[in-house]
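Colleague: Heads up: the sequence shown begins at 0 in numbering that gives the first Met the number 0, then just goes up one per residue.
From the three backbone atoms N, C-alpha and C, an ideal C-beta is built for every residue, glycine too.
The structure's right below; bear with me while I get my questions together.
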Amino acid sequence: MINLRTILIREQIIKSMREFFYAQSFHEIIIPVLNRSIPLEPNIFPFVTKWNTRNKTQTLFLSTSPERRIKQMIAKGVKNCFAIGSSFRNLEDSGTLHTPEFLMLEWYRKNATYKNIMDDTQHLLKHISNSLKIENKLTLDFSQTWKKISLSSLFSRFLKTDLNKIIEKEQLIFDIAQKKGYNIKNTSWNNLYDQLFVNEIESHLPREPFFLIDFPMQISPLCKPKKNNTLLAERFELYINGVEIANGNTENTDSESIYNNFVVEQNKRSNSQPIDKKFIDSIAKIKASYAGIGLGVDRLTMLLAHCDRIDELGTLI
Numbered sequence: 000m001i002n003l004r005t006i007l008i009r010e011q012i013i014k015s016m017r018e019f020f021y022a023q024s025f026h027e028i029i030i031p032v033l034n035r036s037i038p039l040e041p042n043i044f045p046f047v048t049k050w051n052t053r054n055k056t057q058t059l060f061l062s063t064s065p066e067r068r069i070k071q072m073i074a075k076g077v078k079n080c081f082a083i084g085s086s087f088r089n090l091e092d093s094g095t096l097h098t099p100e101f102l103m104l105e106w107y108r109k110n111a112t113y114k115n116i117m118d119d120t121q122h123l124l125k126h127i128s129n130s131l132k133i134e135n136k137l138t139l140d141f142s143q144t145w146k147k148i149s150l151s152s153l154f155s156r157f158l159k160t161d162l163n164k165i166i167e168k169e170q171l172i173f174d175i176a177q178k179k180g181y182n183i184k185n186t187s188w189n190n191l192y193d194q195l196f197v198n199e200i201e202s203h204l205p206r207e208p209f210f211l212i213d214f215p216m217q218i219s220p221l222c223k224p225k226k227n228n229t230l231l232a233e234r235f236e237l238y239i240n241g242v243e244i245a246n247g248n249t250e251n252t253d254s255e256s257i258y259n260n261f262v263v264e265q266n267k268r269s270n271s272q273p274i275d276k277k278f279i280d281s282i283a284k285i286k287a288s289y290a291g292i293g294l295g296v297d298r299l300t301m302l303l304a305h306c307d308r309i310d311e312l313g314t315l316i
């Protein structure tokens, strides 16, 4: 059910996003929808299509995020940059907050870490909130820096376990899940982690904006590991009103480790999704430190406009 008011509010938000980044001399990157290959990331699966010509048929993949093209452009010498583009995720259920097609803002900053991107994110949302000309918009508190909550503290509080230990000794998460009544047959560490977080932790998250930090490296292959604990990644997610809005990190520029993670992920999948060698080549050419983030434009619009369903933005559910 398309809602014109919500659509027009999203238009304002996108305009405000562009103003924010253009004012800082960021380059805007245009993202292609069709790709010959895409990065193999845990729990992210692409839509597949066929390109039929007179002489041959080629398999193509719909973009799962703007990241692939942006990093290709960074490798060619583009510095600070952003993109707003459609992203597509297969094998995910639809619902009031979920849809197979959605709009994502992604940006990258040179010589930065995930801490800088957290600052960027709060400044961007303040700029957007101040620029919106609508009644009854969601009011966010920008009077102080939004707090940071460690996943380690949440696992300790709600699951009575040490996150580092269940990463080091993978069997522990199976034992915990089994005791809580989860089916552990034919599943993986990653799947159990997701189930435990969603079912045992997520409902207890604060309603005010905060950054969730300290994610396991094994579910964060494109992130840089923390210096003081290489089991965890320099990664965060922004939550507002209990809803994940954005996912950011310091970028992993170790192309060999990323390739190895892609091989592992490819072996887990029954289809023939290829390893994205062009993406690996782009990573190998990036010599500076970068940090970046993907932000859900539709979800942000829903929050600021007090919209209850993502299909008000014309998406498929």
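For residue 63, does the count of other Cβ atoms within 10 angstroms reach 16, so buried, or fall short, so exposed?
Modeller: With 16 or more other Cβ atoms within 10 Å, it is buried.
Colleague: In the structure shown, what three-state DSSP assignment does residue 268 receive?
Modeller: Looking at residue 268 - three-state DSSP - the assignment turns out to be coil, as it is neither helix nor strand.
Colleague: Spell out the partners DSSP gives residue 50 in its beta bridges.
Modeller: Note: residue 50 sits in a beta bridge opposite 57.
Colleague: Would residue 95 be called buried (16 or more neighbouring beta carbons within 10 Å of its own) or exposed?
Modeller: When all chains shown are included, residue 95 counts as exposed.
Colleague: Beta carbon of residue 233, beta carbon of residue 222: below 8 Å?
Modeller: For residue 233 and residue 222, yes; Cβs fall inside 8 Å.
Colleague: Can you confirm whether the region 96-112 touches the region 70-82 when touching is taken to mean that 3 or more C-beta pairs between the two stretches lie within less than 8 Å?
Modeller: They touch, by the three-pair rule.
Colleague: Taking 8 Å as the threshold, find out whether the region 110-118 comes into contact with the region 246-261 through three or more Cβ pairs.
Modeller: With the cut-off at 8 Å, the region 110-118 and the region 246-261 touch.
Colleague: Identify every run of the beta strand (DSSP E) within the region 68-119, keeping only runs that are complete inside it and at least 3 residues long; order them along the chain.
Modeller: Here the runs fully enclosed are 80-87, 100-109.
Colleague: If you follow the beta strand (DSSP E) that residue 278 is in, where does it begin and where does it stop?
Modeller: Taken as a continuous stretch (DSSP letters only), residue 278 belongs to no beta strand (DSSP E), being part of the alpha helix (DSSP H) at 276-284.
Colleague: When you compare each of 137, 14, 8, 101 to residue 309 by their alpha carbons, which one comes out closest?
Modeller: Checking every option, the nearest Cα to that of residue 309 belongs to 101.
Colleague: Here's the rule: buried if 16 or more other CB atoms are within 10 angstroms of the residue's CB, otherwise exposed. What is residue 311?
Modeller: Under this definition residue 311 is a buried residue.
Colleague: What residue range is occupied by the uninterrupted beta strand (DSSP E) comprising residue 289?
Modeller: 289-295 is the span of the beta strand (DSSP E), which, as asked, contains residue 289.
Colleague: Here's the rule I'm using: 16 or more other beta-carbon atoms within 10 Å means buried, otherwise exposed. How should residue 281 be labelled?
Modeller: Label assigned to residue 281: buried.
Colleague: Indicate the three-state DSSP secondary structure (helix, strand or coil) for residue 263 in the structure shown.
Modeller: Residue state, collapsed to three classes: helix.
Colleague: Hey, would you say residue 274 sits closer than 8 Å to residue 265, going by beta carbons?
Modeller: Yes, the Cβ-Cβ distance between residue 274 and residue 265 is below 8 Å.
Colleague: What's the call for residue 124, buried or exposed, on a 16-neighbour Cβ count within 10 Å?
Modeller: With 16 or more other Cβ atoms within 10 Å, it is buried.
Colleague: Taking C-alpha atoms, which residue in 1, 2, 24, 9 lies nearest to residue 299?
Modeller: Out of 1, 2, 24, 9, 9 has the C-alpha closest to the C-alpha of residue 299.
Colleague: Using 8 Å as the Cβ pair cut-off and three pairs as the minimum, do the region 251-269 and the region 212-226 touch?
Modeller: Yes, the region 251-269 touches the region 212-226.
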